[in-house]
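Engineer: First residue of the first sequence: 216, per my numbering; consecutive thereafter.
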Amino acid sequence: MQDTIFQQYIRSKSIFKGDRDVLRPSYIPDELPHREEQINQLASILVTALEGQRPSNVLLFGKTGTGKTATIKYIGKEIKKARSDLRNVHFLYMNCEVVDTQYGVLQNIGNEFIEDFEQRIPFTGWSTERVYNILREKIDEDRRVIVIALDEIDKLVSKSGDDVLYHLCRINDDLKNAKVSVIGISNDLKFTEFLDPRVKSSLSEEKMVFPPYNAEQLRDILAQRSALVFEENVLEPSVIPLCAALAAQEHGDARRALDLLRVSAEIAERNHLSIVNESDVTKAKNKIELDCVTEAIRTLPLQSKMILMGVVLSGERGCGKLTTGDLYETYKELSQCTSTAVLTQRRVTDLVSELDMLGLVHARVKSFGRGGRTKEIELSVPQHDAKKSLEEDETLGQLKNYRLRYQTTLM
DNA sequence: TGTCCACTGGAAGGGAGGGCTT
DNA sequence: AAGCCCTCCCTTCCAGTGGACA
């Protein structure tokens, strides 16, 4: 073989024997350990669909990484398998974090049943009513049962209200041939409080809660996947228990456990090691945490970056916490310096709340008596890392070595 | 107990940008 | 071309608020 720059990375003995995507949360294995009960319960509800009847609507609750999405996709796979020799059942999965408008949801469902590309519903332009009518017509063309799984349904409701759920819940009244049932998936137990009572009762005909995995269960999950993907004896015996324990601390998040294991192995591989050990797991943990932060910052819109830069630069000066008023002054200074448009303070408070939700800053409302009531804002990620990511932006790069003129009042 | 500060955060609406229909 | 519709980002307006202080 010729000498290439890749030569040093091509190892004689690999840690991985199979497709490493097996360790990604999106991979659906043939068996889901410790979710048999939930699968059986869902299957018993949905079996009516295979008999041509409408199954009850179901709401699934559980924190991130508790296997809700995996379970529902697993069920979807099983329905597709059963479909070939049973009745006409359609299973649709949609993530409402991606499709988060009522128009988008109806358009996606509708297009699933329109084969002719010319006739497809455009992603904008039509009235919602028209999309709904076309969708209803199309799905009613055949005798069939349609199961629609809406993942992260709380995101849809908080962003666009419950109109689309209202439409979907009462669509069966308008159908002659087809029947529709909805499975809502949420990690927020309280989201039904914001629903119209009719939607709430219709949607929660059945409810299921997915408990977090404990460390022991996470170990089983990791062991199952690693058997598929790793060569024998490449993991030190303590690696899987450590990944499981770390993830169990974070509300039993299987997604986190899998990421930890995959990144640990990749780190070991990159260092030309043939065995993954505990220190690789520790490195993986730090890397994942840092990647989350840099990725979140990199994808922020410019104005949010500018505001975050204001927090970072104020922090650099030694003012750990600052008020909305102070941050706004700093932000205005930075905007003028980079010649970008200045938003109103009202808009800036909203963007600060968004940064807070992303976990990049910590903001809490505090009253200073006669000094007024305001938010106290501080950075909640490492200053150095945040600044480095922000300076990668073309506009904010101009602020390298910039020193603030504005003096904050809160120290 | 009432006042007052510096905001908070809800509501309404403008307008740009995407697209369809007539 | 004009008239719609939808979403997104933003502004304007304003009632409401927690707590120090007189």
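No residue lacks a Cβ here, since even glycine has one placed at the ideal position from N, Cα and C.
Identify whether Ala578 lies in helix, strand or coil by the three-state DSSP scheme.
Structural biologist: Locating residue 578 in the first sequence gives position 363, counting from the first residue. Correct three-state label for Ala578: strand.
Engineer: Looking only at its own chain, which residues have a Cβ that is under 7 Å from the Cβ of Glu206, when we skip the five neighbours before and after it?
Structural biologist: The chain is shown only over 216 to 626; residue 206 falls outside these bounds and no answer can be derived.
Engineer: At what residue ranges does the region 288-364 contain a whole run of the beta strand (DSSP E), taking only runs of 3 or more?
Structural biologist: Segments of the beta strand (DSSP E) lying fully in the region 288-364: 304-310.
Engineer: Given this structure, state the Cα-to-Cα distance separating Tyr318 from Phe231, to the nearest angstrom.
Structural biologist: On the first sequence, position 103 is the one that residue 318 refers to. On the first sequence, position 16 is the one that residue 231 refers to. Approximately 44 Å, taken between the alpha carbons.
Engineer: Can you tell which of Lys296, Thr279, Arg477 has the C-alpha that lies nearest to the C-alpha of Leu238?
Structural biologist: One-based indexing of the first sequence puts residue 238 at position 23. It is Arg477.
Engineer: If you follow the alpha helix (DSSP H) that Ser375 is in, where does it begin and where does it stop?
Structural biologist: Reading the first sequence from its first residue, position 160 is the one you call residue 375. Its alpha helix (DSSP H) spans residues 368-375.
Engineer: Spell out a yes or no on whether the region 402-409 and the region 364-374 are touching, meaning 3 or more CB-CB pairs, one atom from each, closer than 8 Å.
Structural biologist: In short, these stretches touch, since the Cβ pair count reaches three.
Engineer: Evaluate Gly282 with the Cβ neighbour count: other Cβ atoms within 10 Å of its Cβ, from every protein chain shown; 16 or more gives buried, anything less gives exposed.
Structural biologist: Numbered from its first residue, the first sequence carries residue 282 at position 67. Gly282 comes out buried.
Engineer: What does the Cβ neighbour count give for Ala442, buried or exposed, with the cut at 16 atoms within 10 Å?
Structural biologist: As a working note, residue 442 is residue 227 in the first sequence. By the neighbour-count rule (16 or more Cβ atoms within 10 Å), Ala442 is not buried but exposed.
Engineer: Between Lys615 and the rest of its own chain, which residues show a CB-CB distance below 7 Å, the 5 nearest in sequence each way excluded?
Structural biologist: In the first sequence, counting from the first residue as 1, residue 615 sits at position 400. These residues qualify, in order along the chain: Glu606.
Engineer: According to DSSP, Glu591 sits in a beta bridge with which residue or residues?
Structural biologist: Your numbering for residue 591 matches position 376 in the first sequence. Its beta-bridge partners are Thr538, Arg579.
Engineer: Straight-line CA distance for Asp315 to Val449?
Structural biologist: Here residue 315 refers to the residue found at position 100 of the first sequence. Here residue 449 refers to the residue found at position 234 of the first sequence. Approximately 43 Å between the Cα atoms of the pair.
Engineer: Does DSSP classify Phe406 as helix, strand or coil?
Structural biologist: Looking up residue 406 in the first sequence gives position 191. Reduced to three states, the DSSP call for Phe406 is helix.
Engineer: Just to confirm before moving on: does the CB-CB distance between Val304 and Val360 stay below 8 Å?
Structural biologist: To locate residue 304, count along the first sequence from 1; it is residue 89. To locate residue 360, count along the first sequence from 1; it is residue 145. Cβ distance < 8 Å, so Val304 and Val360 count as in contact.
Engineer: Assuming Ile363 contacts Val414 (C-beta within less than 8 Å), just tell me the rounded distance between them.
Structural biologist: Within the first sequence, numbered from 1, the residue matching residue 363 stands at position 148. Within the first sequence, numbered from 1, the residue matching residue 414 stands at position 199. With 8 Å as the limit, Ile363 and Val414 do not qualify as a contact, their Cβ atoms being about 14 Å apart.
Engineer: Quick check on the DSSP output: what are the complete alpha helix (DSSP H) runs of length 4 or more inside the region 477-516, in order along the chain?
Structural biologist: Within the region 477-516, the complete alpha helix (DSSP H) runs of at least 4 residues are 493-513.
Engineer: Given that a residue counts as buried once 16 or more other Cβ atoms are within 10 Å of its Cβ, and exposed if not, what is Arg471?
Structural biologist: Counting from 1 along the first sequence, the entry for residue 471 is found at position 256. That one is buried.
Engineer: Please name the residue in Ile329, Glu293, Gln432 whose C-alpha comes closest to that of Ala258.
Structural biologist: As a first step, residue 258 must be located in the first sequence, where it is residue number 43. Ala258 has its Cα closest to that of Glu293, out of Ile329, Glu293, Gln432.
Engineer: Considering only residues of the same chain and omitting the five flanking positions on each side of Val567, which have a CB-CB separation below 8 Å?
Structural biologist: Sequence index remark: in the first sequence, residue 567 carries index 352 (1-based). If we look at Val567 and ignore the five residues flanking it on each side, its Cβ neighbours are Ile522, Thr539, Leu542, Val576, Ala578, Lys590, Ile592.
Engineer: Measuring alpha carbon to alpha carbon, tell me which of Thr509, Leu517, Thr514, Asp474 ends up nearest Val496.
Structural biologist: Here residue 496 corresponds to residue number 281 of the first sequence, with the count starting at 1. Comparing Cα-Cα distances from Val496 to each of Thr509, Leu517, Thr514, Asp474, the minimum goes to Asp474.
Engineer: Short check: CB of Ala460 to CB of Ala430, under 8 Å?
Structural biologist: For the purposes of this step, residue 460 is taken as the residue at position 245 of the first sequence. For the purposes of this step, residue 430 is taken as the residue at position 215 of the first sequence. Result yes, Cβ atoms of Ala460 and Ala430 sit closer than 8 Å.
Engineer: Take Val563 and list the residues in its own chain whose beta-carbon comes closer than 7 Å to its own, dropping the five residues that flank it on each side.
Structural biologist: By one-based count along the first sequence, residue 563 stands at place 348. Excluding positions up to five away in sequence, the list reads Ile522, Tyr543, Tyr546.
Engineer: Does the beta-carbon of Met198 have 16 or more other beta-carbons within 10 angstroms, so that it is buried, or is it exposed?
Structural biologist: Residue 198 lies beyond the range of the chain shown here (216 to 626); nothing can be said about it.
Engineer: Check whether the Cβ atoms of Leu380 and Leu437 lie closer than 8 Å to each other.
Structural biologist: Taking the first sequence and counting its residues from 1, one reaches residue 380 at position 165. Taking the first sequence and counting its residues from 1, one reaches residue 437 at position 222. Taking 8 Å as the Cβ cut-off, Leu380 and Leu437 do not qualify as a contacting pair.
Engineer: Let me know if Asn402 comes out buried or exposed under the rule of 16 or more other beta-carbons within 10 Å of its beta-carbon.
Structural biologist: Within the first sequence, the letter at position 187 stands for residue 402. Its Cβ being crowded by 16 or more others within 10 Å, Asn402 is buried.
Engineer: Buried or exposed for Ala556, please, with buried defined as at least 16 other CB atoms from any protein chain shown within 10 angstroms of its CB.
Structural biologist: Taking the first sequence and counting its residues from 1, one reaches residue 556 at position 341. Exposed, by the Cβ-count rule.
Engineer: Inspect the CB distances between the region 238-250 and the region 274-290 and report whether three or more fall short of 8 Å.
Structural biologist: Yes: at least three Cβ pairs fall under 8 Å.
Engineer: Relative to the C-alpha of Leu570, which residue among Val527, Glu531, Glu609, Asp608 is closest?
Structural biologist: For the purposes of this step, residue 570 is taken as residue 355 along the first sequence, with counting starting at 1. The shortest Cα separation from Leu570 among Val527, Glu531, Glu609, Asp608 belongs to Val527.
Engineer: I need the straight-line Cα distance from Cys384 to Glu451, nearest angstrom please.
Structural biologist: Within the first sequence, numbered from 1, the residue matching residue 384 stands at position 169. Within the first sequence, numbered from 1, the residue matching residue 451 stands at position 236. In a straight line, the C-alpha of Cys384 is about 51 Å away from that of Glu451.
Engineer: If you reduce the DSSP assignment to three classes, tell me which class Val449 lands in.
Structural biologist: Position 234 of the first sequence holds residue 449. Val449 falls in the coil class under three-state DSSP.
Engineer: Tell me whether Ser554 is buried or exposed, calling it buried when 16 or more other Cβ atoms sit within 10 Å of its Cβ.
Structural biologist: As a position in the first sequence, residue 554 is number 339, starting the count at 1. Answer is exposed; the Cβ neighbour count stays below 16.
Engineer: With Lys353 and Phe332 assumed to form a contact (beta carbons below 8 Å), what rounded beta-carbon distance in angstroms separates them?
Structural biologist: Translated into positions along the first sequence, residue 353 becomes position 138. Translated into positions along the first sequence, residue 332 becomes position 117. The Cβ separation is near 14 Å, so there is no contact.
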